[in-house]
Amino acid sequence: MTDRRTFLKQAGLLAASLPLGVPALAAEPTPSFSVKQGEKWPQLRSLFELDYSLAHFSNFLITSHPRPVREAIAQFRAELDRNPAAAVDYESEAIWKHEDNARNWAANYLGVKPAQIALTGSTTEGLSLIYTGIHIRPDQELLTTEHEHSSAYAAMRFRKQRENTLMREIRLYDDPQTLSVDQVVQKLKSELRPNTRVLALTWVHSGSGVKLPIGEIGKMVREHNQGRAEADRLLLCVDGVHGFGIENVNFADLNCDYFIAGTHKWLFGPRGTGIICSATAGMDNMTPTVGSFSRPDDSFASVMSPGGYHSFEHRWALGKAFELHLLLGKADVQARIHQLNSYLKQRLQSLKGVQLVTPISPAFSAGFTFFKTPHVDEDAIAAYLTRNGVIVDAVNRDVGPVVRMAPGLLNTEADIDRAINLLAKQL
């Protein structure tokens with residue numbers, strides 16, 4: 001895309017490629033963003049109101065809104081402020097149009113049908129809806145790992161407390177640097193039991209930066225399910241938030257049953273938004289727990305989208321984030337984020353006293369690059385960097401204390417050099 005005319009043509013092609021049934025979609029305003037050759041990432045940075053005197057390496061926590069998302073939120077907020085009752089009139093087609101627009105863009109991004117996409121408020125909400133509602137008989141178990149986020153653990157453990165659901169936690173690795181596809185897949189395969197009903201995994205671990213080979217794991221699960229009745233089939237559920245908006249994959253590539261992710265991190269979606277993608281549009285393996293205000297049909301998309309009066313302007317503006325990423329190009333997004341993380345890993349390895357935790361290979365990592373400093377407290381390192389304008393954090397989870405850095409599309413190589421120069425003075 002070398003000029004605005006080409007950009008608008010591309011935007012039209014994207015709108016035309018979406019699933020049918022939303023005739024007003026192509027009439028939605030397109031972002032005022034064109035791409036000149038070699039200037040894609042600086043132009044993207046210009047869409048954000050971030051303080052670029054700081055080097056932001058923690059955008060994985062929550063995003064700054066890009067201009068197309070800000071403008072859409074403002075447009076919908078004005079609509080709500082002018083006549084709120086009319087804006088949320090569920091007898092009117094207008095509210096369905098806005099929600100359908102967001103769901104259609106999400107479906108297009110993942111290569112699925114809109115009926116497979118539920119709209120949520122966050123990864124945490126999505127995990128809770130799935131692990132509360134998924135069908136597990138008293139004689140069946142839920143299998144997960146020691147590497148999950150606390151939100152996933154909470155949802156699963158609350159399920160166990162309420163229904164006495166059988167639950168096991170296993171450890172997949174001790175040293176992230178020694179990971180292999182065969183090791184992970186065979187470890188999980190060896191832990192499956194005849195009564196294992198749910199396999200609950202995280203795509204990219206926020207305690208180590210490890211990216212699991214979910215697609216290969218999903219293939220193993222499909223082989224395991226051959227000849228099994230639906231009620232006995234192993235269901236693969238994936239917390240995908242830290243791969244979503246980075247990795248150039250479609251839902252089918254992951255070979256999972258349910259994919260849960262917030263969209264207000266790497267994807268640059270409105271704060272307080274997320275999605276669940278189901279392998280089917282049906283509810284055969286799921287019972288809803290929250291009433292829905294979506295279209296009155298029996299699809300997964302409608303039934304599993306929590307209702308209530310929420311931040312409508314944010315949910316309705318979600319499509320703009322997917323549109324922006326598709327205009328940037330999923331392959332280019334992945335390549336840029338992996339490029340920056342590879343550069344950071346290379347620079348970190350040049351520093352004495354730094355132990356790289358996240359795997360070097362992009363096959364086992366995404367947008368995270370975490371490290372340890374054996375002789376310096378990680379919290380102190382994170383505080384020192386942050387005081388000096390390099391925004392990072394530190395956590396102590398499944399692989400011990402680490403400093404977390406996450407170079408993304410809003411970073412530059414100069415940001416990384418700045419961080420490394422500061423670290424070199426402290427170590």
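Heads up, the sequence shown is in my numbering, so the first residue is 1 and it goes up one at a time. We put the beta carbon where it would ideally sit given N, CA and C, even for glycine.
Exercise for the section: From the DSSP output, in three-state form, read off histidine 56 for me. Expected result: The residue given as residue 56 occupies position 56 in the sequence shown. Of the three classes helix, strand and coil, the one that applies to histidine 56 here is strand, per DSSP.
Problem - DSSP three-state assignment for phenylalanine 268, whether helix, strand or coil - result: Along the sequence shown, one-based indexing puts residue 268 at 268. In this structure, phenylalanine 268 counts as coil in the three-state DSSP scheme.
Handout entry: Touching by the beta-carbon criterion (3+ pairs, under 8 Å), the stretch 382-392 and the stretch 342-360
Key = No, because fewer than three Cβ pairs between the stretch 382-392 and the stretch 342-360 fall closer than 8 Å, the two stretches do not touch.
Practice task
Going by CA-CA distance only, name the one from Ile136, Ala85 and Arg228 that's closest to alanine 200.
Solution key: Residue numbering aside, residue 200 sits at position 200 when the sequence shown is read from its first letter. Looking only at Ile136, Ala85 and Arg228, the smallest Cα-Cα distance to alanine 200 is reached by Ile136.
Exercise for the section: Buried or exposed for arginine 4, please, with buried defined as at least 16 other CB atoms from any protein chain shown within 10 angstroms of its CB. Expected result: On the sequence shown, position 4 is the one that residue 4 refers to. Only weak support is given to the placement of arginine 4: the predicted model assigns it a pLDDT of 38, under 50, and the question is left unresolved by the model.
Practice task
Report the rounded CA-to-CA distance for alanine 155 versus glutamate 125, giving the unit in angstroms.
Solution key: Here residue 155 refers to the residue found at position 155 of the sequence shown. Here residue 125 refers to the residue found at position 125 of the sequence shown. The straight-line gap from Cα to Cα measures roughly 9 Å.
Exercise for the section: Out of Asp377, Asp232, Tyr173 and Leu267, point me to the one whose CA is closest to asparagine 248's CA. Expected result: As a first step, residue 248 must be located in the sequence shown, where it is residue number 248. Just measuring C-alpha positions, the residue of Asp377, Asp232, Tyr173 and Leu267 sitting nearest asparagine 248 is Leu267.
Practice task
Using alpha carbons as the reference points, say which of Asp175, Ile170, Pro138 and Leu172 lies closest to arginine 162.
Solution key: Looking up residue 162 in the sequence shown gives position 162. Closest by alpha carbon: Pro138.
Practice task
Pair every Cβ in the stretch 402-421 with every Cβ in the stretch 38-45, then say whether three or more of these pairs are closer than 8 Å.
Solution key: At 8 Å Cβ cutoff, the stretches touch.
Exercise for the section: Could you tell me if alanine 380 is buried or exposed, where buried requires 16 or more neighbouring beta carbons within 10 angstroms of its beta carbon? Expected result: Taking the first residue of the sequence shown as position 1, residue 380 is located at position 380. So alanine 380 counts as exposed.
Exercise for the section: To the nearest angstrom, report how far apart asparagine 421 and asparagine 285 are at their CA atoms. Expected result: Against the sequence shown, residue 421 aligns to sequence position 421. Against the sequence shown, residue 285 aligns to sequence position 285. Distance between the alpha carbons of asparagine 421 and asparagine 285: 52 Å.
Exercise for the section: Could you tell me which of Ser190, Ile95, Ser208 and His56 sits nearest to leucine 143, measuring between CA atoms? Expected result: Indexing the sequence shown from 1 puts residue 143 at position 143. Comparing Cα-Cα distances from leucine 143 to each of Ser190, Ile95, Ser208 and His56, the minimum goes to Ser190.
Handout entry: Other residues of its chain near proline 362: CB distance less than 6 Å, five sequence neighbours each side excluded
Key = In the sequence shown, residue 362 corresponds to position 362, counting from 1. Within the same chain, proline 362 has close Cβ partners His338.
Problem - Simplified DSSP assignment, three categories, for proline 428 - result: With the chain running from 1 to 427 in the structure shown, residue 428 is simply not present.
Exercise for the section: Alpha carbon to alpha carbon, how far is glutamate 148 from isoleucine 441? Give it in angstroms, no decimals. Expected result: Look at the range of the chain in this structure, 1 to 427, and you will see that residue 441 is not part of it.
Handout entry: For serine 122 and proline 84, the rounded distance between their alpha carbons
Key = By one-based count along the sequence shown, residue 84 stands at place 84. By one-based count along the sequence shown, residue 122 stands at place 122. Rounded to the nearest whole angstrom, the C-alpha separation of proline 84 and serine 122 is 24 Å.
Practice task
Using alpha carbons as the reference points, say which of Arg77, Glu79, Lys425 and Ile134 lies closest to phenylalanine 259.
Solution key: The count along the sequence shown starts at 1 and reaches residue 259 at position 259. When Arg77, Glu79, Lys425 and Ile134 are compared, the shortest CA-CA separation from phenylalanine 259 is found for Ile134.
Practice task
With alanine 414 as the anchor, note down where its beta strand (DSSP E) starts and where it stops.
Solution key: Residue numbering aside, residue 414 sits at position 414 when the sequence shown is read from its first letter. It is not in any beta strand (DSSP E) - alanine 414 instead sits in the alpha helix (DSSP H) that spans 413-426.
Exercise for the section: For the stretch 268-283 and the stretch 303-321, state whether three or more C-beta atom pairs, one from each stretch, are separated by less than 8 Å. Expected result: Yes, they touch.
Exercise for the section: Express the C-alpha separation of lysine 219 and valine 185 in angstroms, rounding to a whole number. Expected result: The residue you call residue 185 lines up with position 185 of the sequence shown. The residue you call residue 219 lines up with position 219 of the sequence shown. Between valine 185 and lysine 219, the C-alpha separation is close to 9 Å.
Practice task
Please determine, among Asp417, Glu49 and Gln140, the residue with the shortest C-alpha to C-alpha distance to serine 64.
Solution key: Locating residue 64 in the sequence shown gives position 64, where the first residue counts as 1. Nearest of Asp417, Glu49 and Gln140 to serine 64, Cα basis: Glu49.
Problem - threonine 369 burial status per 10 Å Cβ neighbour count (16 or more: buried) - result: Taking the first residue of the sequence shown as 1, we reach residue 369 at position 369. It is buried - the Cβ of threonine 369 has at least 16 other Cβ atoms within 10 Å.
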